[in-house]
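The sequence shown lines up with residues -26 to -1, 1 to 680 when you count with mature numbering (1 follows the signal peptide of the UniProt record, and there is no 0).
Note that the Cβ used here is the ideal one computed from N, Cα and C, for glycine as well.
For clarity, every value in this text was computed on a predicted model and none was experimentally measured.
Below is one structure, written out as structure tokens; the observations come after it.
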Amino acid sequence: MRKFKNISFLLLLLFIYIYTSFSTEAEEVNNNHVVTILVPSLSLSQFYNWMDRDDKELWNHSSVIALNRITGGSKTPLNEALTLSRGKLTQAPLNHRIEINLLSINKKNRKDEYHYTIPYLAKTNIHSTLGDYLSTNRIHSSFTGHSDVFFRTHQSAPIFTADHDGNTSGNRDVSIKKKAAAPGGFEMDGRSTIKWIERIQQTYSSTWTVVEWGDLYRWKNAPGQKESIHHTMDKLSTFILDLKERGQTIYLLGVDPDEGNLLPFVKWERDTPERGNEWYSPTVRQSFLGSSLDVAPTILGQFGLLIPDVLNGHALVEKKGSYHISEAMRKETNGAEHIFHTRSSVLSVYITVLVLLLIAGFVYWKFNKKRKQKAYVLIRTLLIAGMVSPISFIVASGIFGRGMTLVPVYSGTVILLSLGLAVFISLYGKRQGVWIVSFLLIVVITTDLIGGAELMKRSYLGYDPIIGARYSGIGNELGGFYTAAVVVFLEPWIRRKKYVVLWCFSLFFLFVLGSSVLGKNAGVTMATGMMLFILSWQVLKKKQKKLLSYLWGSIPVLACLIGLLYIFQQFGGPSHIGSAFQLLLHGEWGELKEIVSRKLQMNIKIMMHSNWTKLLITSYVLAALYMILGKSGSFRISQQYVLRAGGVGSIFLLLLNDSGAVAASTSMFYLLCVRYMWVFCEEDDDRNITFPLLGIRHRKNVFDVE
């Protein structure tokens, strides 16, 4: 009996120990408080100036990043706030396009908090919100503060904390004091705000409190004489430093800035090293540059919650550096903004040059019957320079990196690299020059993709993290060049009837373009697949088929390509293509319809307003003229197959891509240059390439092999 009592007593002690251990652990997990400060009108440049004051004290123990300002529609304050708070591209419906300062808020009294209802969100919000995810996990969300200017209401914070019914808790006035001399008639009260936050945190075991610090917005939008902006920002600094002294985890997010295209986002936490951490965005795949879609996942990750699959962004990852983060972040963001602001002028000149090259080639082919040596050398070299220009853009981004490079210096480097490569290829690969260019283009782009596309991310021909249309893989500009280079690269094996080699290379190129670890471009992959299908059909079927036969045959091929694309997504990490397949498998037809609609609108917008439309129209008109005026007998059978399949591929690039006009124009430009080169090689096969200005009279063409 005594033995039984001893065993019972030990079991009781063990039970108490296990219970208290789990209770303590649960308490530690749930006892988590986060304060997020929204600062309307805070631009990135003002953020830098503010952080640098007082011996850069605010940089200490911080993790920082700049976010792009993408939304599901136009860049309005409401669309921006909805996108930031939901982690997915969001647009207010057309019949509900209200400015955020027109929100009506009804409140019901309670001790320290009120219940607010936002009628607009209650009527239109069909998606789960950040407030929903937190409340489901017993994390209390509330807000305080506003950006009202006299009697004009301006509010951002409740959009972040509201649930799908438009309901939220908070006290918008407790952190504000009325002051006639202050800009807009109101002024933030840091002490009252901290007291209210602490009362909320004592009431709930886990809280997320959003403070809308509206003084900067009022300073910029209120009329009349104002105090110094430094004095206004110093009050915010004091508020943050007081919160840091209390051991609070603090986030700060600038929203709706009046200048710039990036939002400052920073976190202060006690465990962060004093020199600070760089924030890495898995969405953008860069440090110091993130997406507005990353805010909601990052807040959820702060509480240790799983990130729902429906969110398009990812939680930001902290990385420790051996340097002070302020200068590193400036270099990345200033370089990105420099490329963003100069991209239009650089590409406009580049596209104009490509158009002139096509016209010059056509004029030389049609009207220069004598084929003079100097004109031949000049036009051939310039055409090759245009073909290798994508390589030069990629190499130039490796030379200059993300630094702010003068446009003339950058452009001059691209020109010199292109002409240098063109001269070399003209000298040493006369008859095989087209194949050599295609080989080099494929090798350079594929190598960069294997390395994470680090050069493309920083190239004028790559994708812009500020625009946010694409963050990884191969963009549509280079995708068009790559597709055309692929079909030209395969010509020798078609000529020699090495069909197994042809199909092995075809599968490899499709994997490069469509896999989740490399190209990640569904439109370019599908178009390239259709191009290779047409190429194979021509090779295997000696008798020319009618157009209707190709159309019927393309339907099962498209289905096979979709299946192949799905298989490619099983290798590597998540991708936007994989996310689209998940939506398809889960029957999220509304979401898919929204994505397709957005991409169609983008394609139409590009065709209507982009500089690439000039190249698209010019190249397609010239291609039509060649079909009417040219003679197919000028080419080998294998070359005819390549040009025909490449033309079909260009059309599919136009139809299947969200930026189809871009990809179609670059691919058709490349194919027309190839056509010129093949015609010139056949007509001038006995010529030697000479460059008298360089002291070069004749060189053996070492690549000229049959």
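Here Phe125 is exposed: its Cβ has fewer than 16 other Cβ atoms, across all protein chains shown, within 10 Å. Around the beta carbon of Asp26, a 10 Å sphere encloses fewer than 16 other beta carbons of the protein chains shown; the residue is thus reported as exposed. Val258 and Lys471 have their C-alpha atoms roughly 43 Å apart. According to DSSP, residue pairing for Lys293 in a beta bridge involves Glu252. A Cβ-Cβ distance of about 7 Å is found for the pair Gly119 and Met162, placing them in contact under the 8 Å criterion. The straight-line gap separating the alpha-carbon atoms of Leu603 and Gly503 is approximately 29 Å. Cβ contact annotation for Ser322 (same chain, cutoff 8 Å, sequence separation greater than five): Asn585, in chain order. Taken in chain order, the complete alpha helix (DSSP H) segments of 4 or more residues contained in the region 114 to 164 are 131 to 135. In its chain, beyond the 5 residues on either side, Phe483 have a beta carbon closer than 6 Å to the beta carbon of Val460. Taking C-beta atoms as the reference points, Ser593 and Leu646 count as a pair closer than 8 Å. For the 8 Å CB-CB criterion, Pro238 and Trp193 do not form a contact. Between the alpha carbons of Asp216 and Thr167 lies a distance of about 11 Å. By the neighbour-count definition (other C-beta atoms within 10 Å, threshold 16), Ser412 is a buried residue. Across the structure, Tyr540 and Leu452 are spaced so that their CA atoms are roughly 23 Å apart. Shortest Cα-Cα distance from Phe654 to any of Pro439, Leu617, Arg405, Asn450 involves Arg405.
In terms of Cβ geometry, Ser36 and Gly234 do not form a close pair [threshold 8 Å]. Per the C-alpha coordinates, the member of Gln129, Leu589, Arg60, Ser143 positioned closest to Ser115 is Ser143. For the pair Ser261 and Arg244, the Cα-to-Cα distance works out to about 21 Å. From the listed residues Glu87, Met500, Thr135, the smallest Cα separation to Asp106 is found for Thr135. Nearest to Ala370 by alpha-carbon distance, out of Leu352, Ala40, Leu391, Asn251, is Leu391. When the beta-carbon positions are compared, Val9 and Thr223 come within less than 8 Å of each other.
The residue from Leu596, Lys294, Gly386 with its alpha-carbon nearest to that of Ala334 is Leu596. The shortest C-alpha to C-alpha distance from Leu393 to any of Arg610, Thr355, Gly426, Leu590 is the one to Thr355. With contacts defined as CB atoms closer than 8 Å, Leu210 and Ile440 fail to qualify as a contacting pair. Annotation: the continuous alpha helix (DSSP H) that includes Ile214 extends over 203 to 219. Val327 has its alpha-carbon roughly 21 Å from the corresponding atom of Asn342.
Proximity to Arg146 across Val486, Pro256, Ile133 peaks at Ile133, based on C-alpha coordinates. In this model, Leu104 and Asp632 are separated by some 29 Å (Cα to Cα). Nearest to Lys588 by C-alpha distance, out of Ala638, Gln613, Phe626, Gly620, is Ala638. Within the same chain, Cβ atoms closer than 6 Å to the Cβ of Leu108 are found at Ser115, Trp182, the five residues on either side in sequence being excluded. Membership of Ile468 in any beta strand (DSSP E) is not indicated; the residue belongs instead to the alpha helix (DSSP H) covering 465 to 469. Under DSSP, Lys340 takes part in no beta bridge, so it has no partner.
The C-alpha of Glu219 is placed about 21 Å away from the C-alpha of Tyr178.
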